[in-house]
Structure formats: C-alpha cells, structure tokens
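Colleague: Residue numbers (my numbering): 49 to 202. The beta carbon of each residue, even a glycine, is placed where N, CA and C say it ideally should be. Please see the structure below; I have some questions.
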C-alpha cells in the first residue's frame, strides 16, 4: 500500500513537468503481475496492483501527451533472484530490451527471453483488448489531474 501511495504522489509531483516535456513514465513490473507466482503471493499482488495503476495512468495521461509504459520483466539476475535455480536474463540484456521497447513506442515492454515468450499473446489477448476498451472512459480534457490517495482511516 505504501508503494502505491508513493507512486501516485511521485507521479503527481512530476506531472506538470511531464506534461510540458511530453515525457514518459516507465514502471518496472513483472510477469508475476500478469499471473500470480504462488511461491511469492505478496510480490505477485503488489506487481498486479502496480500494473493496474500503470494501465490507469496510461489512459488518464494520454490526452496530456504523457506516455506510460509497463516493463514486464521475467527473471533477471539480481540479488532478489539469487538462490532461485531458474534461467535468468542479465541486467544488461534487460536494460537493452527496455530501451529497444521505448524506441519502438511499445506500451508494454517485454525485454527479456522469458517475458518475450508471452508478449504477442498478451498484446493480442482479451486483457489488453479490455484495457483499450476501458481507456475510452478516461476523461479526455487536459485539465485531468491525478488525485493523490488519502490516508486510510481503518
């Protein structure tokens, strides 16, 4: 929950500059945000929420000239994945894939071999089609601001 509030507050704080510069927001996410990884349910839940936030921001900010990109990473050779005996992409390969996706203007960037294996299915799938359909409900005027979340009273 803290990360979600922080992400919205940071985005809100930078929004005037992003709009003036026709900038981009790039969120590093995970395949576990598209389908839960049972061994790390809290991680999967947080990445799913972050992916949903990314999609919402994409629709809300499109009319303001700000692009929002989701980087959907598979396993990358980082400290977090140390100890997991699975194939992992190097950080260099993942970074190169992210920059390549940005150059191509991809909304959802699948920068490594594991994530690339599902990229086309995701782009052609029902969930992505529903995202596009729901985006039509976003206000289209340039006065739209992202409201920072209010603290919970519970």
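Could you tell me the distance, in whole angstroms, from the CA atom of residue 161 to the CA atom of residue 149?
Modeller: Cα-Cα distance, rounded: 14 Å.
Colleague: Excluding the five sequence neighbours on either side, which residues of its own chain have a C-beta within less than 8 Å of the C-beta of residue 134, listed in chain order?
Modeller: 123
Colleague: Jot down the residue ranges of each uninterrupted alpha helix (DSSP H) in the region 55-94, minimum 4 residues, whole runs only, in chain order.
Modeller: none
Colleague: Looking at C-alpha atoms only, which residue of 64, 101, 155, 130 is the closest neighbour of residue 171?
Modeller: Ranking the options by Cα distance to residue 171, first place goes to 155.
Colleague: With DSSP collapsed to three states, give me the class of residue 146.
Modeller: In the structure shown, the three-state DSSP call for residue 146 is helix.
Colleague: Using the beta-carbon count (16 or more within 10 Å), is residue 81 buried or exposed?
Modeller: buried
Colleague: Look at the Cβ atom of residue 62, then the Cβ atom of residue 77, and state whether they are nearer than 8 Å.
Modeller: no
Colleague: Between residue 179 and the rest of its own chain, which residues show a CB-CB distance below 6 Å, the 5 nearest in sequence each way excluded?
Modeller: 103
Colleague: For residue 156, which of helix, strand or coil comes out of DSSP?
Modeller: The answer is strand: DSSP assigns residue 156 an E or B state.
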